[in-house]
Ligand code: PAF
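Put into structure tokens, the structure is as follows:
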């Protein structure tokens with residue numbers, strides 16, 4: 008089993024990357040906020056299929072949390088994260104502190120348009136600015152050859168692809184399929200907030216989305232099907248539905264029946280907000 012090197016400074020990260028480059032290794036990266044679960048480990052595996060060395064960053068990025076969100080209670084569990092990384096064969100954990108990422112006087116923000124418009128942004132207006140800013144910093148600090156992101160955060164994956172295209176960041180972005188529990192619930196660090204009764208409701212999200220996507224792929228009208236899905240989520244026990252929406256799958260423009268699509272949703276269970284998405288096959 009590989010013992011991951013742990014570094015918390017840009018200088019130490021770059022020194023290690025330089026050594027690996029001199030040795031001719033291809034380098035993959037998995038950006039995370041820690042609280043690692045099987046979904047993250049699948050991203051590490053995907054990185055290791057494409058690169059000889061894998062860096063996992065663990066940084067709870069304050070810039071992607073609104074003041075009303077769960078920054079303080081977001082799970083932080085470095086010791087068990089390192090255990091998981093050792094088992095998965097990751098080579099380096101990059102664990103910068105907030106002061107390392109955002110030094111005093113930090114005043115830059117990266118704002119992506121295109122796929123960042125709508126959906127999450129309608130409800131979390133600064134979220135993708137925070138994600139794009141930290142991901143750009145991580146890529147400039149480590150300069151990996153490739154980076155793996157989960158399709159679970161589908162809009163984020165599209166935004167990161169757009170960011171790299173627009174800023175010529177030389178990082179190949181790889182999307183990895185969502186890992187689900189045996190009931191189809193997408194793995195998420197926020198599932199840790201759910202009690203047993205809430206988990207049973209949460210597990211209906213993917214069922215309702217898959218049913219809706221399949222109805223749309225076989226002719227159901229978009230507005231009718233997404234409206235019906237939102238009502239089904241409330242009947243299942245979700246307190247509030249932020250959106251259930253269909254988009255084309257590359258740039259998240261309007262859904263078209265003749266293109267591959269995605270059905271995306273965000274809904275609340277108590278104080279926990281869950282997101283998920285499924286494919287809508289083209290006809
Ligand atoms: O998906 C996440 O965990 C975060 O949004 C990311 C990409 C690590 C940026 O902080």
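In the working numbering, the protein residues as written are 8 to 290. The C-beta atom is built at its ideal place from N, Cα and C for all residues, glycine as well.
Taking the Cα positions, residue 160 is about 18 Å away from residue 200. Distance from the C-beta of residue 102 to the nearest heavy atom of the ligand PAF is not below 7 Å. With fewer than 16 neighbouring CB atoms inside 10 Å of its own CB, residue 147 falls in the exposed class. Looking at the DSSP output, residue 36 sits in a beta bridge with 62, 154.
In the three-state reduction of the DSSP assignment, residue 269 falls in the strand class. Following the DSSP letters along the chain, one finds residue 183 inside the beta strand (DSSP E) bounded by residues 179-183. Our two residues, residue 154 and residue 245, have alpha carbons roughly 34 Å apart in a direct line. Taking C-alpha positions only, residue 276 is separated from residue 260 by approximately 28 Å. Going by DSSP, residue 83 is part of no alpha helix (DSSP H) at all; its letter is neither H nor E. Boundaries of the beta strand (DSSP E) around residue 279: 279-287. Comparing C-alpha distances from residue 12 to each of 191, 97, 233 shows the shortest one belongs to 97. In terms of Cα proximity to residue 156, the closest of 287, 16, 46 is 46.
Taking the Cβ atoms as the reference, residue 284 lies roughly 17 Å from residue 263, outside the contact range of under 8 Å. Here residue 106 is exposed: its Cβ has fewer than 16 other Cβ atoms, across all protein chains shown, within 10 Å.
In this structure, residue 35 lies near residue 55, with their beta-carbon atoms less than 8 Å apart. Note on geometry: alpha-carbon atoms of residue 202 and residue 25 lie some 45 Å from one another.
DSSP lists 99 as the beta-bridge partner residues of residue 12. For residue 71, the Cβ falls inside the 7 Å cut-off from some heavy atom of the ligand PAF.
Per DSSP, the unbroken alpha helix (DSSP H) holding residue 105 starts and ends at 105-108. The beta-carbon distance between residue 251 and residue 236, rounded to whole angstroms, is 4 Å. This is short enough to meet the 8 Å contact definition. With the criterion CB distance below 6 Å from any heavy atom of the ligand PAF, the matching residues run 38, 39, 40, 68, 71, 138, 141, 142, 160, 163 along the chain.
Residue pairing of residue 255 in beta bridges, as defined by DSSP: 268.
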